[in-house]
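J.:
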Amino acid sequence: MKPAPRLPWLLVAVGITWAWLATRQQQRAGRPLTFLVSDVVPGLVMIAAGLLIRSRRPQNRCWWLLVAASFAWYVGDFEHSTNDDVVLGAFAFGGWYGLFLGWAVLAFPSGRLQHHRDKVLVAALFALLAARSVSRVFLHVRPDFAGYGVENRFLPISDDRWWRMVEDVFAWGYAATMLGLLVSVADRWLRSSRPGRRMVSPALSAATALAAAVAYEYAIGWNADVPVATGLPIYYVVWWAYAAVALALVIGLLRLRGTRSAVVDLVAELGHDAPPARLGDALGRALGDASLTLLPWSAAAESYVDDRARPVQLPVDQPNRAITRIERRGGPVAALVHDIALLEDPGLVNAIVAAVRLTVDNEQLQAEIETQLAEVAASRSRIVAAGDAERRRIERDLHDGAQQRLVTIALALRLAETRLDGDASPRVRAVLSQAVQDLGDAIDELRNLARGIHPAILSESGLGAAIESLVSRSPLPVRLDIDLADEPSGAIAAAAYFAVSEALTNVVKHANAQDVTVRAVASDGMIRVEVIDDGDGGANAYGGSGLRGVADRVASVGGTLRLHSPAAGGTRVEVELPCALS
Amino acid sequence: MRVVIVEDHALLRAGLVELLTAAGFDIAGQAGDAQELLELVRHTIPDVVVLDIRMPPTHTLEGLQAARAIRDEHGTAIGIVLLSQYVEARHAVDLLVDGAAGVGYLLKDRILDPAELTDAIRRVGNGGSAIDPIVIEQLLKRRQTDGPLAALTDREREVLFGMAEGRSNQSIAAKLHISDKTVEACTGRIFTKLGLEPGPDDHRRVRAVLTHLKATDKY
């Protein structure tokens, strides 16, 4: 929720006008400058504090309590108005700022009254102030100019006993309530552990200031006969104490914000790879709660687990401990066991929950993706391996089946030819001879086909021999540089071989190269295979060439294929492979 | 000349037997795989064993291993002709590492040219060698641009090719339709240009030439 941007400026304008009007009343009464300053400043501090809180924590209710206190602050000043109605209103409704300040102190820091007793206290403050206001309107007997009581303005009452009684009850009740407020906050402070105290202590300072101010105000009392000369300085202190209440609250909230931003910084610092145990420790440090424990949810164990992945029961009903369950899409992510005081600031808890959810979530997603990637990589390797096995089988079938049979048939024809022994016509001989020759061509083609499918020499003598064989069959002269101390096996050798094969085919078909170099070097557990030509360049790895398939095959064994082929000329295909499958 | 034939494909084996018998060879024995071969060779002591490289059980290089075992047991007294569905220079070089005497390495298709095949078997049986032209082609092809081979004339290269195959001067002369004298002159020049010791034995020439080719394998 974004705060309305114009509202604060409107409030500032109205507040300053209001303060100025109030000060005019006191000025008219001939108050000294110190009085005027001590009177006007606390109200301004309250409105400033309220607006500051609003700008930082728009959802926090404390801001409007402080603004309301500020407006209520100046109401009493209008007792010096020349208008009787205004005077009566000021007299009746002065002092309501106490309700708003007390409420703000009790609601600190969340802006909500958490405890039942605090609601009772606020209700009591409201009831006392309301009773006094009603009594001042309907029971107060206005003195005449001679100082004698005449009659209430609305009711025919000339006896001021009732009004005085209410005023006395109010003074005691009000002071007692403020004391109760101090006790409530102090109790909260005492029950809190370190992080909790850090949050409650601004409220405690504010409550102390408020209770002290009220005690002074009513112990000495407007109505007591204190000479103005000694009385005013005391009131100055009291008023500044009210200003201190507002200040304590705003400072406290800003400090809390510091804690929250510590949580945010923490998340940023943890990055993507924080194990939950480390996250828990770091959160504990950031919040000053060493006993904070983060228990991640294990889907496998269907339970929360500790940092050694052992299932644990959540510690329910422990004094001063609270459990915050962190969930994502209805499923548990983790549980946070922490000081109950953290609940005083739901915003802080939300920040922590978001931080933990983000981190744990992220980690789970990453683990899932890694598992899936590993599965995909493994299945790709299996597919390539299965393809290779199939290629070997087909190659063997061609050599030992079809090719063998063709040779047998050709030999039979040749034998038939010799058995004819000059019996047959030359035409029959020519036919037989031609058939044998055609069969020879077919066998040749079959042999080349089998080699293309899977070169037998690769499994028989290894990558180096296979590349040598490949190069020796190339129509182009090729420089060969082979240094394979660690001969790779199986899928890796096949990947390297087919890379060279494809690259050489491309050079012959497209490059117009004069100089071609094939290099295969093994070192440090890696095999580097390069095919370099000085041809046309501008080759495209994926432009319909078989290089795409080669790149996939290379990737399937954890290798990389790079193609450098500037339009200016020259092409280099570089393949890097691990010597052994991991 | 007594020959043992080892070939897992029965029809092909029968064909080979018929072909070689017709060509005047004495078939001392036949086998369908490498397992029984050593016993058979020990028993018959043939002049030449003709065997397929790929045989059961794995259909890879069983024949090559069997050939080594025979060589270990009988030395060069028994010639070995390896037939293969495909030939690789690497295998030829491996095969000839202990000498080219009594060694043949041919593409299986060569049996379709009975004259060439019987000539090769006879060479091997007489302690010579027979290397498939494809192997020589592979070895020579990569050295045409630079190195000492570049200094050879076309004729000399053709003669070198024949020498590497294991052919005698007469055989080379017949193949190239030139006179024995020309071949002899060529071989002399080739040995000088490549810096090789001239040798009278055909099989030693083969080895010298192949070793030279292999040694200049790296630039």
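Here the protein sequences come in this chain order: A and B. The opening position of the first sequence corresponds to residue 90 in the numbering used here, with each subsequent residue numbered one higher. The opening position of the second sequence corresponds to residue 1359 in the numbering used here, with each subsequent residue numbered one higher. Built from N, CA and C at the ideal position, the CB exists for glycine as well. Source: prediction; values computed, not measured.
Taking 9 Å as the threshold (beta carbon to beta carbon), is residue 1430/B in contact with chain A?
T.: The residue given as residue 1430/B occupies position 72 in the second sequence. Chain A contact via Cβ: absent.
J.: Nearest to residue 1496/B by CA position, among 1509/B, 1448/B, 1463/B and 1415/B, is which residue?
T.: Indexing the second sequence from 1 puts residue 1496/B at position 138. Checking every option, the nearest Cα to that of residue 1496/B belongs to 1448/B.
J.: Measure the alpha-carbon distance for residue 324/A versus residue 306/A and round it to whole angstroms.
T.: Against the first sequence, residue 324/A aligns to sequence position 235. Against the first sequence, residue 306/A aligns to sequence position 217. Rounded to the nearest angstrom, the two C-alpha atoms are 7 Å apart.
J.: Taking C-alpha atoms, which residue in 181/A, 146/A, 514/A and 108/A lies nearest to residue 133/A?
T.: Numbered from 1 along the first sequence, position 44 holds the residue referred to as residue 133/A. Among 181/A, 146/A, 514/A and 108/A, the Cα nearest to that of residue 133/A belongs to 108/A.
J.: Have a look at residue 1373/B and residue 1379/B and give me their C-alpha separation to the nearest angstrom.
T.: Counted from its first residue, the second sequence places residue 1373/B at position 15. Counted from its first residue, the second sequence places residue 1379/B at position 21. Distance between the alpha carbons of residue 1373/B and residue 1379/B: 10 Å.
J.: So is residue 247/A buried or exposed if we call it buried at 16+ other beta carbons inside 10 Å?
T.: Mapped onto the first sequence, residue 247/A falls at position 158. Residue 247/A is exposed by the Cβ-count criterion.
J.: Give a yes or no on whether the minimum CB-CB distance between residue 1423/B and chain A is below 9 Å.
T.: Position 65 of the second sequence, counted from the start, is the residue given in the question as residue 1423/B. No, because no Cβ of chain A sits closer than 9 Å to the Cβ of residue 1423/B.
J.: Using CA atoms only, rank isn't needed, just tell me which of 253/A, 166/A, 664/A and 301/A is closest to residue 265/A.
T.: Against the first sequence, residue 265/A aligns to sequence position 176. Cα-wise, what sits closest to residue 265/A is 301/A.
J.: With a threshold of 16 other CB atoms inside 10 Å of the CB of residue 488/A, please say whether the residue is buried or exposed.
T.: Residue numbering aside, residue 488/A sits at position 399 when the first sequence is read from its first letter. Buried, since its Cβ has 16 or more Cβ neighbours within 10 Å.
J.: Can you check DSSP and say which residues form a bridge with residue 615/A?
T.: Within the first sequence, the letter at position 526 stands for residue 615/A. Paired residues: 612/A and 667/A.
J.: Drop a sphere of 10 angstroms on the beta-carbon of residue 267/A, count the other beta-carbons inside from all chains shown, and report buried for 16 or more, exposed for fewer.
T.: Within the first sequence, residue 267/A is the residue found at index 178, counting from 1. Classification for residue 267/A: buried.
J.: Does the stretch 614 to 630 of chain A come within contact of the stretch 533 to 544 of chain A, defined as at least 3 CB pairs closer than 8 Å?
T.: Result no; under three Cβ-Cβ pairs closer than 8 Å.
J.: Compute the Euclidean distance between the alpha carbons of residue 1428/B and residue 1436/B, then round it to the nearest angstrom.
T.: As a first step, residue 1428/B is located in the second sequence; it is residue number 70 there, counting from the start. As a first step, residue 1436/B is located in the second sequence; it is residue number 78 there, counting from the start. Roughly 8 Å separates the two Cα atoms.
J.: I want to check one thing, is the minimum distance from the CB of residue 232/A to the heavy atoms of the ligand ATP below 8 Å?
T.: You won't find the ligand ATP in this model; it holds no ligand whatsoever.
J.: For residue 341/A, which three-state DSSP category applies?
T.: For the purposes of this step, residue 341/A is taken as the residue at position 252 of the first sequence. Helix.
J.: With 9 Å set as the bound, which would you pick, yes or no: does the beta-carbon of residue 1449/B sit closer than that to a beta-carbon of chain A?
T.: In the second sequence, counting from the first residue as 1, residue 1449/B sits at position 91. So, interface residue.
J.: I want to know whether the stretch 1362 to 1373 of chain B touches the stretch 1406 to 1421 of chain B - three or more CB-CB distances under 8 Å.
T.: Yes: at least three Cβ pairs fall under 8 Å.
J.: Could one say the Cβ of residue 546/A lies closer than 9 Å to chain B's Cβ atoms, at least one of them?
T.: By one-based count along the first sequence, residue 546/A stands at place 457. Output row for residue 546/A: interface = yes.
J.: Here's a check: name, in chain order, each residue in its chain whose Cβ is nearer than 7 Å to the Cβ of residue 552/A, leaving out the five neighbours to either side.
T.: As a working mapping, residue 552/A is identified with position 463 in the first sequence. Excluding sequence neighbours, residue 552/A sits near 573, 576, 577, 582, 585, 586 and 609.
J.: Within the 9 Å Cβ cut-off, does residue 361/A reach chain B?
T.: Counting from one through the first sequence, the residue named residue 361/A turns up at place 272. Unreliable placement is indicated for residue 361/A, whose pLDDT of 47 sits below 50; the coordinate value is still reported in the next sentence. It does not: the Cβ of residue 361/A has no partner Cβ on chain B nearer than 9 Å.
J.: I'd like to know if the stretch 1523 to 1534 of chain B and the stretch 1485 to 1492 of chain B are in contact, where contact means that at least 3 CB-CB pairs between them fall below 8 Å.
T.: The answer is yes - the stretch 1485 to 1492 of chain B touches the stretch 1523 to 1534 of chain B, with three or more Cβ pairs under 8 Å.
J.: For a contact meaning CB atoms closer than 9 Å, what does residue 503/A contact in chain B?
T.: For the purposes of this step, residue 503/A is taken as residue 414 along the first sequence, with counting starting at 1. Here the neighbours are 1373, 1377, 1469, 1470, 1471 and 1472.
J.: Please determine, among 154/A, 181/A, 155/A and 173/A, the residue with the shortest C-alpha to C-alpha distance to residue 165/A.
T.: Locating residue 165/A in the first sequence gives position 76, counting from the first residue. Cα-wise, what sits closest to residue 165/A is 181/A.
J.: Tell whether a beta-carbon distance below 9 Å holds between residue 218/A and residue 184/A.
T.: To locate residue 218/A, count along the first sequence from 1; it is residue 129. To locate residue 184/A, count along the first sequence from 1; it is residue 95. Taking 9 Å as the Cβ cut-off, residue 218/A and residue 184/A qualify as a contacting pair.
J.: Report the residue from 652/A, 664/A and 635/A whose alpha carbon sits nearest the alpha carbon of residue 646/A.
T.: Stepping through the first sequence from its first residue, residue 646/A is reached at position 557. For residue 646/A, the nearest C-alpha among the options comes from 664/A.
J.: Check whether the Cβ of residue 1476/B lies closer than 9 Å to any Cβ atom in chain A.
T.: Against the second sequence, residue 1476/B aligns to sequence position 118. No, its Cβ sits nowhere closer than 9 Å to a Cβ of chain A.
J.: Does the stretch 559 to 567 of chain A come close enough to the stretch 1458 to 1469 of chain B that 3 or more CB-CB pairs lie under 8 Å?
T.: No: fewer than three Cβ pairs fall under 8 Å.
J.: What span of residues does the alpha helix (DSSP H) with residue 540/A cover, start to end?
T.: Sequence index remark: in the first sequence, residue 540/A carries index 451 (1-based). That run of the alpha helix (DSSP H) goes 515 to 542.
J.: Return the first residue and the last residue of the beta strand (DSSP E) that residue 1406/B is part of.
T.: As a working note, residue 1406/B is residue 48 in the second sequence. That run of the beta strand (DSSP E) goes 1406 to 1410.
J.: Comparing alpha-carbon positions, which option in 161/A, 532/A, 474/A and 555/A lies nearest residue 497/A?
T.: As a first step, residue 497/A must be located in the first sequence, where it is residue number 408. Nearest option by C-alpha distance: 532/A.
J.: Tell me which same chain residues have a C-beta within less than 6 Å of the C-beta of residue 225/A, skipping the five on either side of it?
T.: Your numbering for residue 225/A matches position 136 in the first sequence. Once the five neighbours on either side are set aside, the close Cβ partners of residue 225/A are 180 and 181.
J.: Find the nearest neighbour of residue 262/A within the set 187/A, 457/A, 340/A and 529/A, judged by alpha-carbon distance.
T.: In the first sequence, the residue the question calls residue 262/A occupies position 173. Out of 187/A, 457/A, 340/A and 529/A, 187/A has the C-alpha closest to the C-alpha of residue 262/A.
J.: Is the CB of residue 552/A under 9 Å away from at least one CB in chain B?
T.: Here the question's residue 552/A lines up with position 463 in the first sequence. No, residue 552/A does not count as interfacial toward chain B.
J.: Give every residue of the same chain whose Cβ lies closer than 8 Å to the Cβ of residue 178/A, excluding the five residues on either side of it in the sequence, and list them in chain order.
T.: Counted from its first residue, the first sequence places residue 178/A at position 89. 164 and 167.
J.: Quick one: is residue 1389/B near chain A, going by C-beta distance under 9 Å?
T.: Position 31 of the second sequence, counting from 1, holds the residue named residue 1389/B. It does not: the Cβ of residue 1389/B has no partner Cβ on chain A nearer than 9 Å.
J.: Nearest to residue 191/A by alpha carbon, out of 241/A, 661/A and 271/A?
T.: Numbered from 1 along the first sequence, position 102 holds the residue referred to as residue 191/A. Checking every option, the nearest Cα to that of residue 191/A belongs to 271/A.
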